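Enquirer:
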Amino acid sequence: MDPVNIIIDGREVVTTKGKTVIQAAADAGIVIPYYCYHPKLTIAGNCRMCLIEIEKMPKLQIACNTQATEAMSVLTQSPKVLAARKAVMEFLLINHPVDCPICDQAGECWLQDYYMTHDLQASRFDARKEHDRKREIFGPNVVFDGERCIKCTRCVRFLQEITHTNELAVVNRADHSTIALFPGSVLDNPLSANVVDICPVGALTDRDFRFKVRVWYLQKTPSICPGCSTGCNISVETYQNRIARFKPRINEAVNSHWLCDEGRYCFHDLTGGPRLTTPLIRQEGGLVPTTWEHALQAVYAGLKSAGPLAGILSGRNTNEEAYLF
């Protein structure tokens, strides 16, 4: 890859040809705020939060869709840029309900974070806020709050480009635009709950985790999903020694940014639901209750008949564990 030398806020950054300014900045540890951009989705460029100032360009540019070129000089914190971002935040909050105390996204909401760093002022608008749909069930795992939605379209693009199921779309126009299900469809594909992960605000929330616990109480432990042999990287988030949720961890070689719904909710098999209270033995294609003595005799007979080498495998073993056999 051809190297490209640019300057960001007076700092020399070496990136590669074809990368955008936002990617080059991220690689260098320089934070440029954004809502609609996602490294695994196509560029939408609709939130305008990543505006930057480029030397010799008369207008501000969006960092997510501006390719880095040799000797480019970029400012991410100039007065002009900060004023523009402040205006973006003000527009986003015009009709937002600002219901942070009861919003499940509080504590990990980008709208909250950027308000504290870029806006931090009382609203100048005293007109009645426009209302939208509340608590609309999109599917078995996802609930939608239209008043909190900032129309970043991340969820729509995810369902178009990653799952190719297209359950959601932007409907209506201008300030009346909103996210909606296609008529007759339900958001119930194997990766549906990922739209909650990529929603930067509290518009899409997880029905399983909703109102369980405030996120700042969660303890996060990096781990591997036990749902199957793929080995998806996850963060196990617990509260008072009980699992509250699984979240995906980025690993480009395994699961990228995503986690399937089966793996996401498989911890319920460990923490709840009916548990075995008596041994079961398979007879005529079904499982029937038996005594401990009979069950242990069956295990002994099965292992003995296998010869000197035997192993017990499960569909939930990792590929590496299975390979050992």
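Quick note: the sequence shown uses this note's numbering, first residue 18, plus one each step. Even glycine gets a Cβ: it sits at the ideal position worked out from N, Cα and C. For clarity, every value in this text was computed on a predicted model and none was experimentally measured.
(1) Helix, strand or coil: how does DSSP classify F175 here?
(2) Mind listing, in chain order, the continuous alpha helix (DSSP H) runs of no fewer than 4 residues lying wholly within the segment 82 to 143?
(3) State the beta-bridge partners of P56 as determined by DSSP.
(4) Please classify Y132 as buried or exposed, where buried requires at least 16 other C-beta atoms within 10 Å of its C-beta.
(5) Does the Cβ-Cβ distance between G328 and C245 come in under 8 Å?
(6) Could you check if E164 belongs to the surroundings of the ligand FAD, using beta carbon to heavy atom distance under 7 Å?
(7) Taking just the CA atoms, how far does E310 sit from F175?
(8) Taking I215 as the reference, give the member of Y234, W275, C242 with the closest Cα.
(9) Counting only runs of 3+ residues fully inside the segment 272 to 314, write out the beta strand (DSSP E) ranges in chain order.
(10) If you drop the 5 nearest sequence neighbours on each side, which residues of the same chain put their C-beta closer than 6 Å to that of P114?
(11) Taking only three categories from DSSP, how would you classify V21?
(12) Would you give the residue range spanned by the beta strand (DSSP E) that V187 belongs to?
(13) Which of the three DSSP states, helix, strand or coil, is assigned to L198?
(14) So for K237, helix, strand or coil by DSSP?
(15) Taking Cβ to Cβ, would you say A80 is nearer than 8 Å to I69?
(16) Distance check for I298 and E125, CA to CA, integer angstroms please.
(17) Quick check on this structure: which residue in V230, V173, F199, V188 has the alpha carbon closest to the alpha carbon of V212?
(18) For R281, collect the residues of the same chain with a Cβ closer than 7 Å to its Cβ; drop the 5 residues on either side in sequence, then sort them by chain order.
(19) Just to confirm the assignment, what range does the beta strand (DSSP E) spanning A210 have?
(20) Please classify L320: does DSSP put it in a helix, a strand, or coil?
(21) Take A191 as the anchor and find which of V203, E72, I167, T59 has the nearest alpha-carbon.
(22) Using only the alpha-carbon positions, how far apart do P306 and A323 sit?
(23) Check this for me: beta carbons of D162 and A220, under 8 Å apart or not?
(24) Is N268 helix, strand or coil when you go by DSSP?
(25) Spatial neighbours of L58 within its chain, please: CB distance less than 7 Å, with the 5 preceding and 5 following residues excluded, ordered by chain position.
(26) Spell out a yes or no on whether the segment 142 to 159 and the segment 30 to 42 are touching, meaning 3 or more CB-CB pairs, one atom from each, closer than 8 Å.
(27) Is L185 closer than 8 Å to L204 when the C-beta atoms are compared?
(28) Can the beta-carbon of T86 be found closer than 8 Å to that of V21?
(29) What did DSSP end up calling A80 once you bin it into helix, strand or coil?
(30) Looking at C-alpha atoms only, which residue of P50, L110, V218, I119 is the closest neighbour of E147?
Expert: In this structure, then:
(1) Here F175 sits in helix by DSSP.
(2) Counting only runs of 4 or more, we get 96 to 109, 127 to 131.
(3) Answer is none; P56 lacks a bridge partner.
(4) The residue in question, Y132, is buried, as its Cβ has 16 or more Cβ neighbours within 10 Å.
(5) For the pair G328 and C245, the CB atoms are not nearer than the 8 Å cut-off.
(6) Among the components modelled here there is no ligand, and therefore nothing to report on the ligand FAD.
(7) Each residue's Cα considered, the two are about 53 Å apart.
(8) Comparing Cα positions, the closest option is W275.
(9) Within the segment 272 to 314, the complete beta strand (DSSP E) runs of at least 3 residues are 297 to 300, 303 to 306.
(10) Annotation for P114: E164 place their beta carbon closer than 6 Å to its own, counting only its chain and skipping 5 residues before and after.
(11) DSSP places V21 within a strand segment (E or B) once states are collapsed to three.
(12) DSSP places V187 in the uninterrupted beta strand (DSSP E) bounded by 185 to 188.
(13) Correct three-state label for L198: strand.
(14) If DSSP states are grouped into helix, strand and coil, K237 belongs with the strands.
(15) Contact: yes.
(16) Each residue's Cα considered, the two are about 47 Å apart.
(17) Taking each of V230, V173, F199, V188 in turn and checking the Cα distance to V212, the smallest one comes out for V173.
(18) Around R281: A210, F263.
(19) Segment: none, A210 is in no beta strand (DSSP E) and carries neither H nor E.
(20) In the three-state reduction of the DSSP assignment, L320 falls in the helix class.
(21) When the alpha-carbon of A191 is set against those of V203, E72, I167, T59, the nearest one is in I167.
(22) Distance between the alpha carbons of P306 and A323: 24 Å.
(23) Taking 8 Å as the cut-off, the Cβ atoms of D162 and A220 count as close.
(24) Shown here, N268 sits in a strand according to DSSP, grouped into three states.
(25) Excluding sequence neighbours, L58 sits near R171, R174, F175, E178.
(26) No: the two stretches stay apart, fewer than three of their Cβ pairs being nearer than 8 Å.
(27) In terms of Cβ geometry, L204 and L185 form a close pair [threshold 8 Å].
(28) For T86 and V21, yes; Cβs fall inside 8 Å.
(29) A80: helix per DSSP, three-state reduction.
(30) Selected option, being the one with the closest Cα: L110.
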